[in-house]
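Engineer: If you scroll down you'll find the structure; I have some questions about it.
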Ligand code: URA
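In the numbering used here, the protein residues as written are 84 to 319.
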């Protein structure tokens, strides 16, 4: 694929479109060893070698990061007042990154950050029913009756009940009235996990996403940490 030289450099975070045009005009940019003087010059993102002040700048069409989202950060690309999940990706190069779906501010765990719109669509499309697995601490004693109700789909006040969800009780502390569970849902409705527990008279006090489709949160990532994924890892 061929794109304009100024777009190539701006996409890779070398500077704004205006800044990179100035660099080109000053003769700081070379393409295949030859000084490039035109911002409109087309370069092949795969085969051409672009350098700025002697440093090679490779092109990445898509970037993918697995983030362990910490609590307290919003799932947005940018915000005037607050730090976002994209701001946490310090090694990012592209400016067009966004989170694939949203986790609530107080939810932790797996979030994919990318600029690949097609992949995002595949993971989020309601028709695709991609499984999402959550770990939660719940105030209240979760029972096998709740397991059955989740299996049947729960009325959470929307037009339709939720799709069947798989609830696994990991532990119950009868004296503290606290439970730890794993829940697999196939939709992504607003506050879905919290609302499902509300519907059975319980409250989620801690929520963490562990898995989305085949993508599993790397357990070595602490909240706020991330790792870069390549396309191959994702396709697997
Ligand atoms: N369900 C919720 O209630 N919150 C989230 O952040 C994700 C799923």
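Ideal Cβ placement from N, Cα and C applies to all residues, glycine included.
(1) Taking all protein chains shown into account, do 16 or more other C-beta atoms lie within 10 angstroms of the C-beta of residue 238, making it buried, or fewer, making it exposed?
(2) Are the region 223 to 240 and the region 300 to 312 touching, with three or more C-beta to C-beta distances below 8 Å?
(3) Enumerated in chain order, which unbroken segments of the beta strand (DSSP E) with a length of 3 residues or greater are wholly contained in the region 139 to 166?
(4) Report yes if the C-beta distance between residue 196 and residue 169 is below 9 Å; otherwise report no.
(5) Need the endpoints of the alpha helix (DSSP H) that residue 332 sits in, please.
(6) Does residue 191 pass the burial test, meaning 16 or more other C-beta atoms within 10 Å, or should it be called exposed?
(7) Just to check my reading of the structure: residue 88 and residue 124 have Cβ atoms closer than 8 Å, yes? What is that Cβ distance to the nearest angstrom?
(8) Helix, strand or coil, according to DSSP, for residue 118 in the structure here?
(9) Quick one: Cα of residue 103 to Cα of residue 91, how far?
(10) I need the DSSP call for residue 190, collapsed to helix, strand or coil.
(11) Could you name the residues of the same chain whose beta carbon sits closer than 6 Å to that of residue 277, not counting the 5 residues immediately before and after it, in chain order?
(12) If you draw a straight line from the alpha carbon of residue 145 to that of residue 199, how long is it in whole angstroms?
(13) Can you tell me the Cβ-Cβ gap for residue 132 and residue 139, rounded? I've got them flagged as a contact below 8 Å.
Structural biologist: Answer, in terms of the structure:
(1) exposed
(2) no
(3) 147 to 152
(4) yes
(5) In the structure as shown, the chain begins at 84 and stops at 319. Residue 332 is therefore absent and cannot be evaluated.
(6) buried
(7) 5 Å
(8) strand
(9) 10 Å
(10) coil
(11) 287
(12) 6 Å
(13) 6 Å
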